[in-house]
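Colleague: One structure follows; several queries about it will come next.
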Amino acid sequence: MSLLQMKHICKSFSGVYANEDINLTVEKGEIHALLGENGAGKTTLVNIIFGLYTADSGEILWKDKPADFASPREAIDAGIGMVQQHFSLVNKMTVLDNIVLNLKDNSFFLDRAAAKKKLTDLAEKYGLYVNPDAVISDLSVGEQQRVEILKALYRNVELLILDEPTGVLTPQETTQFFDVLRNLKKEGYGIIIITHRMSEIMAISDKVTILRDGRQVADLVTADTNPEELSAYMIGRELNDDYHIEGSPQKDIMLELKNVSNHHRKHSRHKLENISLTIHKGEILGIAGVEGNGQKELAEVITGIQKAGEGEILLDGQNLAGINIRGRYEAGVSYISEDRLSDSLITGMNISENLVLREYGKPPFANHSIINKAAIRKNAAEKMKQYQVRASGKSGIDTLVKLLSGGNQQKLIIARELNDHAKVIVASQPTRGLDIGATEFVRQQLIDQRNAGKGVMLISADLEEIMALSDRIAVLFGGKIVGILNREEATVQKIGLLMGGISEEEAR
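So the sequence shown is residues 37 to 544, counted in my numbering.
As structure tokens, this is what we get:
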């Protein structure tokens, strides 16, 4: 008896198929990977399973019986749990309170002792150790993820859906997490895991279903395939991960931070403390670390969004103290923000207008306050071609930015920020949320800037990306640089230990 069967599932939005004729089978004791680029239909499919969406047509069988879950509550009651990328925990409540919250069979008076014992037994059985009395806000991201899984197991689920579960984990935490999944598999649980990381698919899954443009293009036994074949199915060609990196970084320093701190900011949870680092001309300095350890603050202090309470920031020898965001941009600091919609784009404006946001009012786009629309449109047409920005329909450069895909929005930012006068590019999570094709393009653009002699700071939660592109790697933990490694000496093990707060001497 199969645990879950989906037959000929179709789902469309505004006449466009998100899922078209999808067939999926998950067995008990099986880890089934769901692979595909952004927009391929993965999230839509699992949302149908979990009762968030209803399929337009097709059939779902749950343990060989027809099923049509109208809500997540119905799916949970049937035995299906889902851990999403953004956790649904109440930060001010304890682990135990979060676990028992909204239990359907919960009486007015909860037997806390019995509930705690059940939780503790589950945690011990599957290696999901967490203090039941701890407050969620005091837990690490990895521990919070364990709580989400325990919450599902406490409700006696038989199928667990995991959406990009390792994105917030260190390499060591990922290894431990995979051990948990293997334990669950041994106990007969079915697991659907969505991930874009080929190495993880090969390491943990039994089968892989690949979606492309809403259609199912392959069902494979993991042991019989390889990353190259998976990439070819997913994007229609083999992935190019052989980036064209030329020569070694120059001796000249392009950006230098000396004992930079930002203690003054009231609402900054993770402050920077005595940050000292350099970026040379023709170098990519990768910044690794579990998210929330000062990466955003570091980027914003360099670009002028936040002020450094202490220390110096030198750009090609020029002290940036007292220079605002616009002044730093004009001096040569470009910024690819981690939040493109909030920080980098005006989504209600069109492509051509967004491309000149930094240069509005300057020649050739304006002369004595008179806007040169022809120059703005010419610039947009050239940039769209150069950076492969694709807009649907005939409107092209007049397309509103909010109508672009995430990948094309990011290409638009890169087209604007990677200009001729840039000396240093601060790229914060530049490929987050992008599909593999767009990711490949963005990475090569950063490599090209390095090869042209510019300095690049690459802040990324993707350790594979950091290791593939960086000449040196600095690791942030608790707002401090805890280690800087050359490319040759950097390993996943060493970086992972530093990300967890282990000293550089111990990591070596």
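Glycine residues also receive a C-beta, built at the ideal position from the N, C-alpha and C atoms.
Everything numeric in this text was worked out from a predicted model, so none of it was measured.
Thinking I230 and E200 are a contact (beta carbons under 8 Å), I'd like their distance in whole angstroms, please.
Modeller: Correct: roughly 6 Å between the Cβ atoms.
Colleague: Since G250 and A76 should fall inside the 8 Å C-beta cutoff, what is the C-beta to C-beta distance between them, to a whole number of angstroms?
Modeller: 7 Å
Colleague: Taking the C-alpha atoms as reference points, what is the distance between N310 and I517?
Modeller: 8 Å
Colleague: What's the C-alpha gap between N134 and T527?
Modeller: 37 Å
Colleague: Going by other Cβ atoms of all chains shown within 10 Å of its Cβ, with 16 needed for buried, is E236 buried or exposed?
Modeller: buried
Colleague: Kindly give me the distance between the Cβ atoms of E223 and G115, rounded to whole angstroms, as I take these residues to be in contact under 8 Å.
Modeller: In fact, because the Cβ distance is near 14 Å, the residues do not count as touching under 8 Å.
Colleague: Would you say A411 and P400 are within 8 Å of each other, going by their C-beta atoms?
Modeller: Yes; because the gap between Cβ atoms is below 8 Å, this pair is in contact.
Colleague: Tell me whether the beta-carbon of L308 lies closer than 8 Å to the beta-carbon of G330.
Modeller: yes
Colleague: If G340 and N360 are in contact, beta carbons under 8 Å, what's the gap, nearest whole angstrom?
Modeller: 6 Å
Colleague: Buried or exposed: where does T90 fall if 16 or more other Cβ atoms within 10 Å of its Cβ makes it buried?
Modeller: exposed
Colleague: Just the C-alpha distance for L381 and Q446, rounded to the nearest angstrom, thanks.
Modeller: 9 Å
Colleague: Are I45 and S241 close, meaning C-beta to C-beta below 8 Å?
Modeller: no
Colleague: Determine, for L391, whether the minimum Cβ-Cβ distance to residues of chain C falls below 8 Å.
Modeller: The question asks about chain C, but that chain is absent: this structure has only one protein chain.
Colleague: Taking its Cβ as the centre, do 16 or more other Cβ atoms sit within 10 Å of F86, making it buried, or is it exposed?
Modeller: buried
Colleague: DSSP has D255 in a bridge; who is on the other side?
Modeller: T245
Colleague: Going straight from the alpha carbon of I84 to that of F105, what length do you get?
Modeller: A straight-line Cα-Cα distance of about 8 Å links I84 and F105.
Colleague: Spatial neighbours of A488 within its chain, please: CB distance less than 7 Å, with the 5 preceding and 5 following residues excluded, ordered by chain position.
Modeller: none
Colleague: Classify K302: buried if its beta carbon has 16 or more other beta carbons within 10 angstroms, exposed otherwise.
Modeller: Below a pLDDT of 50, predicted positions are generally treated as unreliable, and K302, at 46, falls in that range; the measurement from the model is reported next regardless. Label assigned to K302: exposed.
Colleague: Please state whether the Cβ-Cβ distance between I450 and K490 is less than 8 Å.
Modeller: no
Colleague: So, L313 versus N386, is the Cβ gap smaller than 8 Å?
Modeller: no
Colleague: Secondary structure at N310, three-state DSSP: helix, strand or coil?
Modeller: Three-state result, N310: coil.
Colleague: List the endpoints of the continuous beta strand (DSSP E) containing V171.
Modeller: Note, V171: premise wrong, no beta strand (DSSP E); not H, not E.
Colleague: Under the DSSP definition of a beta bridge, which residues are partnered with Q120?
Modeller: The partner list for Q120 (beta bridge, DSSP) is empty, contrary to what the question assumes.
Colleague: Distance check for N74 and L505, CA to CA, integer angstroms please.
Modeller: 22 Å
Colleague: Report the three-state DSSP secondary structure of P207 (helix, strand or coil).
Modeller: helix
Colleague: Who pairs with Q41 in a beta bridge, going by DSSP?
Modeller: T61, L97
Colleague: According to DSSP, is N55 helix, strand or coil?
Modeller: strand
Colleague: Suppose you measure from the CA of E56 to the CA of E389; what does that come to, to the nearest Å?
Modeller: 36 Å
Colleague: Bridge partners for M493 per DSSP, in chain order?
Modeller: L321, V462
Colleague: When DSSP builds the beta bridges, which residues end up paired with T130?
Modeller: Its beta-bridge partners are V171.
Colleague: To which residues does DSSP link P102 through a beta bridge?
Modeller: L97
Colleague: Given L470, which residues of its chain have a CB within under 8 Å of its CB, disregarding the five upstream and five downstream residues?
Modeller: N74, G442, G443, Q446, V478
Colleague: Just to confirm the assignment, what range does the beta strand (DSSP E) spanning G226 have?
Modeller: 226–230
Colleague: Could you pull out every residue in the same chain whose Cβ sits closer than 8 Å to the Cβ of T258, ignoring the five residues on either side in sequence?
Modeller: By the criterion of a C-beta distance shorter than 8 Å, T258 is surrounded in its chain by A69, I237, M238, S241, D242, K243, V244, once the five residues flanking it on both sides are discounted.
Colleague: Can you give me the start and stop residues for the beta strand (DSSP E) that K516 sits inside?
Modeller: 516–522
Colleague: For S464, count neighbouring C-beta atoms within 10 Å of its own C-beta (all shown protein chains included) and say buried if the count is 16 or more, exposed if not.
Modeller: Answer is buried; the Cβ neighbour count reaches 16.
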